[in-house]
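The opening residue of the sequence shown carries number 1 in the numbering used here; numbering runs sequentially from there. C-beta: ideal position from N, C-alpha, C; glycine also.
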Amino acid sequence: MSKFDLSTAKFATLCVHGSGGVDPLTGAVSVPIYQSSTFAFKSAKQGAAIFAGEEEGYFYTRLGNPTQAALEREMAFLEGGEAALCFASGMGAISGVILALCRSGDNLVSSDTVYGGTHNLYKETLPMWNIQTREVNATDLTKVESAIDEKTRLLFIETPANPTLSIIDISGCAEICKKHNIPLVIDNTFATPYLQRPIEMGANIIIHSATKYIGGHGDTIAGLVVGKKDFVDNLRAKILRDLGAVISPLNAWLLLRGLKTLPVRMDRHCANAFEVAKFLAFHPKINWVKYPGLSTHPQYQLASRQMKKFGGMITFEVKGGRPAGEKLMNSVGLITLAVSLGDCDSLIEHPASMTHSTYNAQELEEVGISEGLIRLSVGLEDPSDITTDLKLALKKI
Ligand code: LCS
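If you want it as structure tokens, here you go:
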């Protein structure tokens, strides 16, 4: 059998084969779920050598596990990074990266529209360790640069942003970071490595809530970090070891299974979202629709430059604001009223009172999350069924 050089493989091939191929012990084609908390040493001497870092080997799943390792290998391939590390959740990954980079008295600069949990970390939890966050409108790069000072340890951006779908110039941010010698950390959850390649644009550390499109089936909470090997090794040996937000082997396996179909699913999410966005844009009861793939999106040109396609997320406002939006969410039948996103099932929610309720009224206004804004994660159903469901629900308003 000839050996195929995976470093030359295309994205879809890596999604299927990037985890390392057939299990050499058993011939299992699907990566085995090594559901074991501990691994036996061959001798006391070997145990001591592994603990001392003199010999490689699995010994305790909080510090490494073969199923986790297969996922890490594949994610590093897919993002084009040197190494990857799994976490128990996206928030575990985000807090882990920030705590690895910041000390008491330091600050970070972040785009101001981020997942509500990330905003709460900035506002409530990091200040307990005397780490401050400067949240700026990062669609304006001059605001990003002027917020950086000698105590800034990283720039964090989320693009497309949850939930406003604002697009941030990744290459522009990377240039600023290079000039100030700080890493650019990007939450690539909404785009996935299939639609957006941040490392190729100069980003240093990539984070995912793998709960979303990476898993893709709404059954797993997980996080991932991709970056340079030194950084990832340190993150594993210190932050993951001490704070313990470790992924279970079963969840790592569910993500590996999800990744096999990532490009196929993303193509369909994008195509469906475009159909739904066009339907809403022409509906008389809709005030406005925001989708990065519509030319009416304020950063449509930038999105076209830095994304392969435009993703599966849409935001819109029904005429009549929040009460009308609530009526719509209570009236849909096929679409599910629930938070999270990136699942096979279409999901609808109200950010101001749900995912982004950690923003106070003034903050919501400043970042453009209006009271009436509804977020729709377009799933993998037939697009005509999704639009029919919306059409019938809109009739009731
Ligand atoms: N980053 C982004 C962009 C997210 O949307 C989320 C969760 C996280 C990080 C945190 O990841 P987790 O710990 O949940 O895996 N976003 C959610 C949302 O919009 N609805 O429910 C969760």
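With a threshold of 7 Å on Cβ separation, who are the neighbours of residue 75 within its own chain once the five nearest residues in sequence on each side are excluded? Stepping through the sequence shown from its first residue, residue 75 is reached at position 75. So the list reads 84, 224 and 226, once near-sequence residues are dropped.
Tell me, please, whether the segment 201–216 touches the segment 54–64 by the rule of three or more beta-carbon pairs shorter than 8 Å. In short, these stretches do not touch, since the Cβ pair count stays below three.
Report the rounded CA-to-CA distance for residue 221 versus residue 90, giving the unit in angstroms. Counting from one through the sequence shown, the residue named residue 221 turns up at place 221. Counting from one through the sequence shown, the residue named residue 90 turns up at place 90. In this structure, the straight-line span from the alpha carbon of residue 221 to that of residue 90 is close to 8 Å.
Secondary structure of residue 238, DSSP reduced to three states: As a first step, residue 238 is located in the sequence shown; it is residue number 238 there, counting from the start. Helix, per DSSP.
Output needed for residue 260: all residues of its chain with C-beta closer than 6 Å, excluding positions within five of it in sequence on either side, in chain order. Within the sequence shown, residue 260 is the residue found at index 260, counting from 1. Around residue 260, the same chain offers 15 and 16 as residues with beta carbons nearer than 6 Å, after the five sequence neighbours per side are excluded.
For residue 254, tell me which candidate among 3, 365, 35 and 22 has the shortest Cα-Cα distance. As a first step, residue 254 is located in the sequence shown; it is residue number 254 there, counting from the start. When each option's Cα is compared against that of residue 254, the closest is 35.
Taking 8 Å as the cut-off, does the CB of residue 95 come closer than this to any heavy atom belonging to the ligand FAD? For the structure depicted, the ligand FAD is absent and the ligand set comprises only the ligand LCS.
Can we count residue 36 as close to the ligand LCS, meaning its CB is less than 8 Å from some heavy atom? For the purposes of this step, residue 36 is taken as residue 36 along the sequence shown, with counting starting at 1. The ligand LCS has no heavy atom closer than 8 Å to the beta-carbon of residue 36.
Any idea what DSSP makes of residue 172, helix, strand or coil? Counting from one through the sequence shown, the residue named residue 172 turns up at place 172. Three-state DSSP puts residue 172 in a helix.
Let me make sure I understand the geometry here. Which of 389, 115, 370 and 21 has the alpha-carbon closest to that of residue 336? For the purposes of this step, residue 336 is taken as residue 336 along the sequence shown, with counting starting at 1. Nearest option by C-alpha distance: 389.
Cβ of residue 195 versus every heavy atom of the ligand LCS: is any distance shorter than 8 Å? Locating residue 195 in the sequence shown gives position 195, counting from the first residue. No, since every heavy atom of the ligand LCS falls outside the 8 Å radius drawn around the Cβ of residue 195.
With distances taken from CA atoms, which of 194, 250, 25 and 131 is nearest residue 102? Translated into positions along the sequence shown, residue 102 becomes position 102. Comparing Cα positions, the closest option is 131.
At least three beta-carbon pairs within less than 8 Å, the segment 181–196 to the segment 138–146: In short, these stretches do not touch, since the Cβ pair count stays below three.
Which residue spans inside the segment 66–132 form an unbroken beta strand (DSSP E) run of at least 3? As far as the segment 66–132 is concerned, its whole beta strand (DSSP E) runs of at least 3 residues are 83–87 and 107–111.
CA-CA distance, residue 206 and residue 326? Numbered from its first residue, the sequence shown carries residue 206 at position 206. Numbered from its first residue, the sequence shown carries residue 326 at position 326. When only Cα atoms are considered, residue 206 and residue 326 end up about 35 Å apart.
Nearest candidate by alpha-carbon position, reference residue 148, set 107, 115 and 125: Along the sequence shown, one-based indexing puts residue 148 at 148. Scanning 107, 115 and 125 for the CA closest to the CA of residue 148 turns up 107.
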